[in-house]
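Numbering (our numbering), first residue to last: 295 to 573.
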């Protein structure tokens, strides 16, 4: 089955441009989620648009409104939005290149795979992909996606590229207010040394397949057991052992318990439930 592109357009770098396709790199449908159903009929309910004076309204009567004051809106028609023609409507416009390790992770938002769209795009796509990899840089660009202009990051990934949407500076809160009560003093060196030993003993490599959604799997087991009319076999989290209240003692004991143990290698995740839907 052919992959369905989320977005199609062009990458533009100075006078060079080539067509590309974007594909969602993540899968939120794999998450365990619930629907709202009526407690007696067990049928899914529908959320009906409601006006404070008219009551229920037809969705065909809904339009886009921008709130310019509290409770006051100006109506904007789709045709009026279409008249705002920007070059980034169908173009990933490269603005500049920056070192790959200089973009703070807090600005990352969504992720997409980028591939050349058609045979004619293969050569320029590969040229810039290889050049960026050799220079160890990423591209900052802008493009209109989902009705708004986004700042995006483009970087080589495998045989293709990855595009990540970024948050604007004003969308990220400053940490100052949240960290102002943290004392600007150095921790006790002996404790730091013990903490370093503990870190060394638990250092390994990142493998996303090593982890699983234990809560989601437990929910699926609960649902399956209810459908089958049997008690759920749910693993219970054990409470932390001991009542150590002294940090130095806790560090020493932790280092002692881990001594001689090698860091756990990345292992395959426990076998997931065969089906995401129970029954």
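C-beta: ideal position from N, C-alpha, C; glycine also.
Q.
Rounding to the nearest angstrom, what Cα-Cα distance links residue 435 and residue 327 in this structure?
A. 34 angstroms
Q.
Using a 10 Å radius around the Cβ and a threshold of 16 neighbouring Cβ atoms, would you call residue 408 buried or exposed?
A. buried
(Q) So, for residue 307: in the same chain, excluding its five sequence neighbours on each side, which residues have a beta-carbon less than 6 angstroms away from its beta-carbon? (A) 388
Q) Which ranges does the beta strand (DSSP E) cover as unbroken runs of at least 3 residues, wholly within the stretch 322–364, from first to last along the chain? A) 358–363
Q. Is residue 463 helix, strand or coil when you go by DSSP?
A. helix
Q. Hey, how far is the Cα of residue 475 from the Cα of residue 466?
A. 20 angstroms
Q: Return the Cβ separation of residue 500 and residue 458 in integer angstroms, given the expectation that the two are a contact with Cβ distance under 8 angstroms.
A: Going by Cβ atoms, the distance from residue 500 to residue 458 rounds to 18 angstroms, so no, they are not a contact pair.
Q. Got a sec? Which residues, its chain only, sit under 7 angstroms from residue 360 by beta carbon, not counting five neighbours each side?
A. 367, 368, 370
(Q) Tell me the rounded alpha-carbon separation between residue 519 and residue 528. (A) 10 angstroms
**Q.** Cα-Cα separation, residue 495 to residue 298
**A.** 45 angstroms
**Q.** Same chain, Cβ closer than 6 angstroms to residue 386, neighbours up to 5 away in sequence not counted
**A.** 305, 435, 437
(Q) Need the endpoints of the beta strand (DSSP E) that residue 443 sits in, please. (A) 442–451
Q) Out of curiosity, what's the CA-to-CA distance linking residue 325 and residue 512? A) 13 angstroms
Q.
To the nearest angstrom, how far is the alpha carbon of residue 568 from that of residue 521?
A. With a pLDDT of 38 at residue 568, under the threshold of 50, the modelled position of this residue cannot be trusted; read the value that follows with caution. Approximately 16 angstroms between the Cα atoms of the pair.
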